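Whatever position you read off the sequence shown (first residue = 1), add 1 for my numbering. For each residue, glycine too, the CB sits at the ideal point set by N, CA and C. Predicted, not measured: the structure shown is a model, and the values here were computed from it. A quick write-up on the structure given underneath.
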Amino acid sequence: MQAINSSDGLFHDGNPATSQPGTIVTAAWLNAIQGELLSVLAGAGIAPDAAKLNQVADAVKKLANSGVPNLPVTDNSQQAANTAFVQALLRQYGLAVSTKSLNPAGDLNTVTDSGNYYLQGVTANSPVASNPNGYLIVHRFPTDGSYCLQMFRATGNGSGSANPFYTRRCIAGVWEPWLALATTDRTGDSGALSFRDKLINGNFDIWQRGAGPFTSFAYTADRWYQSAAGSTVSTTRQAFALGQTEVPGEPTYYLRSTVTSVAGAGNYVAKVQKIESVRTFAGKKATYHFYARADGNKNVAVSLSQTFGTGGAPSAAVQTFGKLIALTNQWQKFVVTVDLPSISGKTIGTNGDDYLAVQFHLDAGATVAASLPGMGQQNIVFDLARAKFEEGSVDTPFETRPIATELALCQRYYEVFGLGLIGGVLAGGANGSVAGTYKVMKRATPSFGQRAGFGSYLVTRIASTTTPFTSAVVGGAGVMISPQGLLINFSLTGWTPLSFDAGVSMMADYFFVDAEL
């Protein structure tokens, strides 16, 4: 195309009054304009028609579609949309073809062409070891397949959905490792120590009651309760070998429960943690994350119980079945997402002991198994490690809290301690008292007791220059106890107190207070 031949390249009107000539429109310029417009029509495949005044506009629209078929307005058939139209439209967005299937024998290292793919059982160089179903989007460098980007979205349950989003690059023909992308559907998380995990002692570091064995109805590791009927169970603390790689994060301990099943419809064994407040995650999605194994190919079941407490007229507990877990003799990570029912319209008891129970079912007679599809009775050695329970449906890194913090969380429910009386005490009498304040205020007024294995004496007179070793037992005056601390009143037997004995040393034994749910 050419500009008009004037001094400034613009058109000017003539003015006869001043003898100003107008711009002369030459044949050459008009032919150039006509040629440009006809080229637009030719490029769009449109023949000139003197009766139409919108051909250039139609040609521009058609050329802008870059090959997308110009279907008649009245043509809404699926046949047209499923063939050339869709293929051309996908090309406009960088997708050379519609979604394609990768067969089970496929190797993701060979998929370098731009496109959208779906995977069915592809394991070669997949980011997930099991359940390798999902979707793959590939962006290729315009001319070179040795440079590209892959993005993978896992589908299905099991370990395939543990980290659902992955990406990696191929640079000069060399593939980088898959990178799991962090995502969340929760709100309120902030910082590395966000307390998103509602399980306490999920890493099994705290064992205030000892290392076991624990049998029948009993707390084992702190906050972990076992219940059983008919069948028997023994739980112990087990230590990981240093440097092991099956369970990440270098944990110190794991929990082992050995179940001996006894036939009976109502017989069962379960491991439970009761999370304070039935309001926890009510009406939301929540997810278990844990490592587990067994002494062979065994099944366990996970479930939840919304328990509304006692006192007044609380609503009945609501059970939510989670999933049947297929164990082997190798450690595996499991991620199980459940939808917790709303508690709208429910009534919570007045005693402040409502909770949400996270449950692992190890043995289940017919009556119990009716609500646990796939469970039955079995002998099993069950190992559990790095357990957590949080809001949402996305796996996140295990939250390792400082040991002092984890211990304090445990001590809200259970604490062991010693009380001491030192020096010339109880002079001139055989009665006394000793007070103590807990390290952590308890959830409620606790029960009080003497720890097993520490003898039967409350106060022991260790030595005196005038009186041999003697002991004393708790008298009938009793214990005054509250969520903050306690006062023990006692009387002594078996010796005559002196008016003063500068070497008397009396020590209280070790006790516990228990405010578990």
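Assignment of I34 by DSSP, reduced to helix, strand and coil, places it in the helix class. Judged by DSSP secondary structure, E407 falls outside any beta strand (DSSP E) and instead within the alpha helix (DSSP H) spanning I404 to Q412. Residue pairing from DSSP places D108 in a beta bridge opposite A125. Rounded to whole angstroms, the separation of the alpha carbons of T253 and F153 is 34 Å. Taken through DSSP and simplified to helix, strand or coil, S306 comes out as strand. The three-state secondary structure of V319, taken from DSSP, is strand.
As computed with DSSP, G486 is found in a beta bridge with T438. Separation of D340 and F322 (C-alpha to C-alpha, rounded to the nearest whole angstrom) is 10 Å.
In the DSSP assignment, T237 falls within the beta strand (DSSP E) that extends over T233 to A240.
Sequence-distant Cβ neighbours of G15 in its own chain, meaning closer than 7 Å and more than five residues away, are Q21, P22 and G23. Looking only at I172, W332, Y356 and K285, the smallest Cα-Cα distance to F309 is reached by Y356. DSSP links V260 through a beta bridge to V234 and I381. Spatial neighbours of V248 in its own chain (CB-CB distance under 8 Å, excluding positions within 5 residues in sequence) are listed in chain order as F241, Y255, Y292, W332, A386 and R387.
Residue pairing from DSSP leaves Q56 without any beta-bridge partner. Contact between T438 and Q485 holds, with the beta-carbon distance rounding to 6 Å and staying under 8 Å. Below 8 Å, enough C-beta pairs join the region 360-374 and the region 264-273 to call them touching: three or more. Counting every other CB atom within 10 Å of its CB across the protein chains shown gives F12 a total below 16, marking it as exposed. In the structure shown, T246 adopts coil according to DSSP, grouped into three states. Here the alpha carbon of G116 sits roughly 15 Å from the alpha carbon of G107. Here the alpha carbon of A43 sits roughly 53 Å from the alpha carbon of V129. Rounded to whole angstroms, the Cβ separation of F215 and T236 is 5 Å, and the two are in contact under 8 Å.
Ranked by Cα distance from G393, the first of I5, H140, K272 and K285 is K285.
For T288, the enclosing beta strand (DSSP E) has its first and last residue at K286 to R294. Taking each of L109, G146, P143 and D145 in turn and checking the Cα distance to L137, the smallest one comes out for L109.
Ranking P403, L518, E517 and Q412 by CA distance to the CA of F196 puts P403 first. If the five residues before and after L150 are omitted, its C-beta is found closer than 6 Å to the C-beta atoms of H140 and R170, all from its own chain and listed in chain order. L325 and G375 do touch by the CB rule: their CB atoms are close to 4 Å apart, below 8 Å. A direct Cα-to-Cα measurement between A33 and V57 gives close to 16 Å. In summary, K443 is buried, with 16 or more beta-carbon neighbours lying within 10 Å of its beta-carbon over all protein chains present.
Residue environment analysis places V61 among the exposed positions, since fewer than 16 neighbouring C-beta atoms fall within 10 angstroms of its C-beta. I489 and F449 have their C-alpha atoms some 10 Å from each other. Listed as beta-bridge partners of E251 by DSSP are no residues whatsoever.
Within the model, the alpha-carbon separation for V514 versus Y415 is close to 6 Å. Taking 7 Å as the cut-off, the Cβ atoms of L363 and V441 do not count as close. For D9 and T19, the gap between their C-alpha atoms comes out near 20 Å.
For V369, the enclosing alpha helix (DSSP H) has its first and last residue at A367 to A370.
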